[in-house]
Ligand code: CP
């Protein structure tokens, strides 16, 4: 589907739940155009010249933080990275006081990652700057779902009718929540699998199929998306052991023998090799995991650009 809209409704990109199929398609189509910028000798366009973007990361990140910064620089924005460590957050300053003080220095956009669901919305309601959610607790990670969709579309040519199986810690994952909203909205079929303690009750109400085993999830899948166990969001491990988890839900080349020809394996990262995925799979011919990372830059360029225009 080609985009039938030229702008996002909101100044803020808080979640996939708020985006229409046309807005999702607009971001993916724009990202397709931006992919070529990263292959040029001079990897820059002037779109955001003179604009200031603050990356406010209050939780650890490698891929999201780095690719937002690269995306902003490729759009010619001025960027400033703020982390809790070394800031007055360590002296007890609240998120809203921190954000209002940063706002007093006139940023045009704030990209925020925070452990509390709803933190980006709280900023969006109070600040005139555009707010982009770079992951809020177990709620949403919209740009991850957009780059996942971009990668599926790039590899398989479409989202409509694609069978996507998502396996792992469904209960604590913001990636799965954003992916379910996006994929069901774009008419892909979504199956989830994992240990019963890590499958939220009534998740079927989001329009997904739940299966009990890895083999059932692999059968018929065009895309297999593996998730890590989010130990940081569990009071204690909701599993007997990580070894048992690997034996039951770890994706190995042997388990992949039953997969459809042409299946692609995805993972948002960071991976725990030997827990949810074998190294031979992560580095094997099925894997598009590093392509996801590459695509993250173009997709975040598109997200930042459209938020700045809205
Ligand atoms: N996928 C993802 O959000 O990775 P980081 O936590 O490294 O940003």
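Numbering (our numbering), first residue to last: 1 to 310.
Glycine included, each C-beta is placed from N, C-alpha and C at the ideal position.
| Quick one: is the Cβ of residue 141 within less than 7 angstroms of any heavy atom of ligand 1? | Taking the first residue of the chain shown as 1, we reach residue 141 at position 141. Residue 141 Cβ: within cutoff of ligand 1.
| said: Less than 6 angstroms between C-beta atoms, sequence neighbours within five positions excluded: which residues of the same chain meet that for residue 135? | reply: For this step, residue 135 is matched to residue 135 along the chain shown. Excluding residues within five positions, the ones whose Cβ falls inside 6 angstroms are 113, 141 and 174.
| request: Could you tell me if residue 109 is buried or exposed, where buried requires 16 or more neighbouring beta carbons within 10 angstroms of its beta carbon? | output: Here residue 109 refers to the residue found at position 109 of the chain shown. With 16 or more other Cβ atoms within 10 Å, it is buried.
| Is residue 270 near ligand 1, judged by its Cβ being under 7 angstroms from some heavy atom? | Numbered from 1 along the chain shown, position 270 holds the residue referred to as residue 270. Yes.
| Per-residue burial, residue 119 [other beta carbons within 10 Å of its own, 16 or more giving buried] | Position 119 of the chain shown holds residue 119. Under a 10 Å Cβ-count criterion, residue 119 is classified as buried, with 16 or more other Cβ atoms of the shown protein chains found around its own Cβ.
| task | Say whether the stretch 247 to 260 touches the stretch 215 to 226, bearing in mind that this needs 3 or more beta-carbon pairs closer than 8 angstroms, one atom from each stretch. | result | These segments touch.
| request: Give the secondary structure of residue 170 by DSSP, where H, G and I count as helix, E and B as strand, and everything else as coil. | output: Counting from one through the chain shown, the residue named residue 170 turns up at place 170. Residue state for residue 170 is assigned as coil, using DSSP reduced to three classes.
| Contact between the stretch 115 to 131 and the stretch 9 to 20 (3+ Cβ pairs under 8 angstroms) | These segments touch.
| query | Is residue 18 near ligand 1, judged by its Cβ being under 7 angstroms from some heavy atom? | reply | Within the chain shown, numbered from 1, the residue matching residue 18 stands at position 18. No.
| said: Measuring straight from C-alpha to C-alpha, what distance separates residue 247 and residue 278? | reply: As a first step, residue 247 must be located in the chain shown, where it is residue number 247. As a first step, residue 278 must be located in the chain shown, where it is residue number 278. Answer to the nearest angstrom: the Cα atoms are 11 angstroms apart.
| request: Going by DSSP, name the residue or residues bridged to residue 100. | output: The residue given as residue 100 occupies position 100 in the chain shown. None; residue 100 has no bridge partner.
| query | Apart from the five residues just before and just after residue 18, which ones in its own chain have a Cβ nearer than 7 angstroms to its Cβ? | reply | Counting from 1 along the chain shown, the entry for residue 18 is found at position 18. Excluding sequence neighbours, residue 18 sits near 10.
| message | Quick check on DSSP: helix, strand or coil for residue 19? | response | By one-based count along the chain shown, residue 19 stands at place 19. Coil.
| request: Indicate whether residue 95 and residue 78 have their beta-carbon atoms separated by less than 8 angstroms. | output: As a position in the chain shown, residue 95 is number 95, starting the count at 1. As a position in the chain shown, residue 78 is number 78, starting the count at 1. Here residue 95 is not near residue 78, since their CB atoms are 8 angstroms or more apart.
| When the Cβ atoms of the stretch 153 to 173 are set against those of the stretch 193 to 208, are three or more pairs found closer than 8 angstroms? | These segments touch.
| query | Is residue 135 near ligand 1, in the sense that its beta carbon is under 7 angstroms from a heavy atom of that ligand? | reply | Reading the chain shown from its first residue, position 135 is the one you call residue 135. Residue 135: yes, Cβ under 7 angstroms from ligand 1.
| With respect to the beta strand (DSSP E) encompassing residue 56, which residues constitute its N-terminal and C-terminal limits? | Taking the chain shown and counting its residues from 1, the one referred to as residue 56 is at position 56. 52 to 57 is the span of the beta strand (DSSP E), which, as asked, contains residue 56.
| Can you list, in chain order, the stretches of the beta strand (DSSP E) that have 3 or more residues and sit fully within the stretch 130 to 201? | Taken in chain order, the unbroken stretches of beta strand (DSSP E) that lie wholly in the stretch 130 to 201 and span 3 residues or more are 130 to 136, 163 to 167 and 189 to 193.
| field | Where the alpha helix (DSSP H) through residue 314 begins and ends | value | An answer regarding residue 314 cannot be provided, because it is not within the stretch 1 to 310 covered by the chain.
| query | What does a CB cutoff of less than 6 angstroms around residue 166 pick up in its chain, not counting 5 residues either side in sequence? | reply | Counting from 1 along the chain shown, the entry for residue 166 is found at position 166. For residue 166, same chain residues with a beta-carbon under 6 angstroms away, outside a window of 5 residues either side, are 176, 192 and 225 in chain order.
| field | residue 21 to residue 149 span [Cα, whole Å] | value | Against the chain shown, residue 21 aligns to sequence position 21. Against the chain shown, residue 149 aligns to sequence position 149. Taking the Cα positions, residue 21 is about 12 angstroms away from residue 149.
| So what's residue 81 in DSSP terms, helix, strand or just coil? | As a first step, residue 81 is located in the chain shown; it is residue number 81 there, counting from the start. In this structure, residue 81 counts as strand in the three-state DSSP scheme.
| query | Under the rule that 16 or more other beta-carbon atoms within 10 Å means buried, what is residue 42, buried or exposed? | reply | Position 42 of the chain shown, counted from the start, is the residue given in the question as residue 42. Answer is exposed; the Cβ neighbour count stays below 16.
| query | For ligand 1, is there a heavy atom less than 7 angstroms away from the beta-carbon of residue 230? | reply | Taking the chain shown and counting its residues from 1, the one referred to as residue 230 is at position 230. Outside the cutoff, so no.
| query | Does ligand 1 have a heavy atom nearer than 7 angstroms to the CB of residue 63? | reply | The residue you call residue 63 lines up with position 63 of the chain shown. In this structure, residue 63 has its beta carbon less than 7 angstroms from a heavy atom of ligand 1.
| field | Straight-line Cα distance separating residue 255 from residue 54 | value | Within the chain shown, the letter at position 54 stands for residue 54. Within the chain shown, the letter at position 255 stands for residue 255. CA-to-CA, the gap between residue 54 and residue 255 works out to about 44 angstroms.
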